[in-house]
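Numbering (the numbering used here), first residue to last: 468 to 717. Heads up, the beta-carbon is just placed ideally off N, CA and C, and yes, glycines get one too. What follows is one structure encoded as structure tokens, with my remarks underneath.
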């Protein structure tokens, strides 16, 4: 496990996260896609966006043998507030970062948005948060689950009922979910490892076929944008909870 970078705690609202589900450009070979993610896109997200309000970043690259209906890369991209994301586009760096997505991803298929409060239903393509607490997702324990429909069309209703139970009983202090007609992606945050032992994520396997199930490990990224740095190793199956100084990478 990589050593954590020293940083103050920064708790943010549950709707201050951009929920990304990215599909690879069909014209881009998978190995080249992995290379682009590791060499500049993934580390560049931290290095470019942290000075303009990025507080936590958790990308996951799905394995090579993932189901075709599942995105190739998914991520939670947290900001101090939603407006910080929009304000970043007023900068040259922020606009350049937005355009970087088109180098690797099919923007017609890929999805991104801020979550609304979960109120019991899952609309395909939408994003939701289950709890209202302000949380520092760079700290604590983060779990991710990706599952695909395995049988009847009612799987979204079954998953929504499970989410309602999680919401009502409590446990994690943060949870984000998004689904399509074919898959569901769910992240949850726990304050510490002892409390995370109560996670019920594995129960989702009752209603969907598991495609990816991980605890996202912390990964220190102290390098600045113009440091000599090869990037992170990506070959499929990785998840990162990047540890960085908030606002400290101009």
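Less than 8 Å between C-beta atoms, sequence neighbours within five positions excluded: which residues of the same chain meet that for residue 469?
Here residue 469 corresponds to residue number 2 of the chain shown, with the count starting at 1. Note that residue 469 scores a pLDDT of 40, beneath 50, so its modelled location is shaky and nothing firm can be said.
Between which two residues does the alpha helix (DSSP H) carrying residue 548 extend?
Along the chain shown, read from residue 1 onward, the residue named residue 548 stands at position 81. Element bounds for residue 548: n/a, residue is neither H nor E.
So what does DSSP say about residue 476, is it helix, strand or coil?
Numbered from its first residue, the chain shown carries residue 476 at position 9. In the structure shown, residue 476 sits in coil (DSSP, three-state: anything other than H, G, I, E or B).
Three-state class that DSSP yields for residue 656 in the structure shown:
Counting from one through the chain shown, the residue named residue 656 turns up at place 189. Residue state, collapsed to three classes: strand.
Identify every run of the beta strand (DSSP E) within the region 664 to 714, keeping only runs that are complete inside it and at least 3 residues long; order them along the chain.
675 to 683, 685 to 687 and 708 to 710
Specify the secondary structure class of residue 487 as computed by DSSP and reduced to three states.
Here the question's residue 487 lines up with position 20 in the chain shown. Three-state result, residue 487: strand.
So the beta strand (DSSP E) residue 523 belongs to, where does it begin and stop?
Mapped onto the chain shown, residue 523 falls at position 56. 521 to 528 is the extent of the beta strand (DSSP E) around residue 523.
Would a C-beta distance cut-off of 7 Å place residue 500 and residue 488 closer than the cut-off?
Stepping through the chain shown from its first residue, residue 500 is reached at position 33. Stepping through the chain shown from its first residue, residue 488 is reached at position 21. No, Cβ-Cβ distance for residue 500 and residue 488 is not below 7 Å.
Do residue 626 and residue 651 have their CB atoms nearer than 7 Å?
Within the chain shown, numbered from 1, the residue matching residue 626 stands at position 159. Within the chain shown, numbered from 1, the residue matching residue 651 stands at position 184. Yes, they are a contact pair.
Going by CA-CA distance only, name the one from 559, 548 and 607 that's closest to residue 581.
Residue 581 sits at position 114 when you count from the first residue of the chain shown. Looking at the Cα atoms, 548 is the closest of the given residues.
Could you compute how far the alpha carbon of residue 704 sits from the alpha carbon of residue 635?
Taking the chain shown and counting its residues from 1, the one referred to as residue 704 is at position 237. Taking the chain shown and counting its residues from 1, the one referred to as residue 635 is at position 168. For residue 704 and residue 635, the distance between alpha carbons rounds to 32 Å.
Is it buried or exposed, residue 697, if we count other Cβ atoms within 10 angstroms and call 16 or more buried?
Indexing the chain shown from 1 puts residue 697 at position 230. Residue 697 should be labelled exposed.
Kindly give me the distance between the Cβ atoms of residue 595 and residue 583, rounded to whole angstroms, as I take these residues to be in contact under 8 Å.
As a first step, residue 595 is located in the chain shown; it is residue number 128 there, counting from the start. As a first step, residue 583 is located in the chain shown; it is residue number 116 there, counting from the start. Correct: roughly 6 Å between the Cβ atoms.
Rounding to the nearest angstrom, what Cα-Cα distance links residue 632 and residue 591 in this structure?
Counting from 1 along the chain shown, the entry for residue 632 is found at position 165. Counting from 1 along the chain shown, the entry for residue 591 is found at position 124. Their backbone Cα atoms lie some 20 Å apart in a straight line.
Beta strand (DSSP E) runs wholly inside the region 550 to 619, at least 3 long, in chain order:
578 to 580, 594 to 596 and 608 to 616
If I measure Cβ to Cβ from residue 708 and keep anything under 7 Å in the same chain, skipping five residues before and after, which residues do I get?
Residue numbering aside, residue 708 sits at position 241 when the chain shown is read from its first letter. These residues qualify, in order along the chain: 525, 605, 609, 683, 684, 685 and 686.
Own chain, CB closer than 7 Å to residue 658, minus 5 neighbours either side, in chain order:
For the purposes of this step, residue 658 is taken as the residue at position 191 of the chain shown. If we look at residue 658 and ignore the five residues flanking it on each side, its Cβ neighbours are 607 and 640.
What residue from 512, 532 and 536 has the CA that sits closest to residue 561's CA?
Walking along the chain shown from the start, residue 561 turns up at place 94. It is 512 whose Cα lies nearest to the Cα of residue 561.
Within the same chain, show all residues whose beta-carbon is closer than 7 Å to that of residue 473, passing over the 5 residues directly before and after it, in chain order.
Counting from one through the chain shown, the residue named residue 473 turns up at place 6. Since pLDDT at residue 473 reaches only 46, below the 50 mark, its modelled position is unreliable, and no value is offered.
Report yes if the CB atom of residue 616 is closer than 7 Å to the CB atom of residue 573, and no otherwise.
Locating residue 616 in the chain shown gives position 149, counting from the first residue. Locating residue 573 in the chain shown gives position 106, counting from the first residue. For residue 616 and residue 573, no; Cβs fall outside 7 Å.
With DSSP collapsed to three states, give me the class of residue 471.
Within the chain shown, residue 471 is the residue found at index 4, counting from 1. Legend: pLDDT at residue 471 = 41, less than 50; position of this residue unreliable, no value from coordinates given.
Taking a contact to mean a Cβ-Cβ separation below 7 Å, would you say residue 589 touches residue 646 in this structure?
Reading the chain shown from its first residue, position 122 is the one you call residue 589. Reading the chain shown from its first residue, position 179 is the one you call residue 646. It is a contact, given that the beta carbons lie within the stated cut-off.
Beta-carbon separation of residue 699 and residue 510 under 7 Å?
Walking along the chain shown from the start, residue 699 turns up at place 232. Walking along the chain shown from the start, residue 510 turns up at place 43. Going by C-beta atoms, residue 699 is nearer than 7 Å to residue 510.
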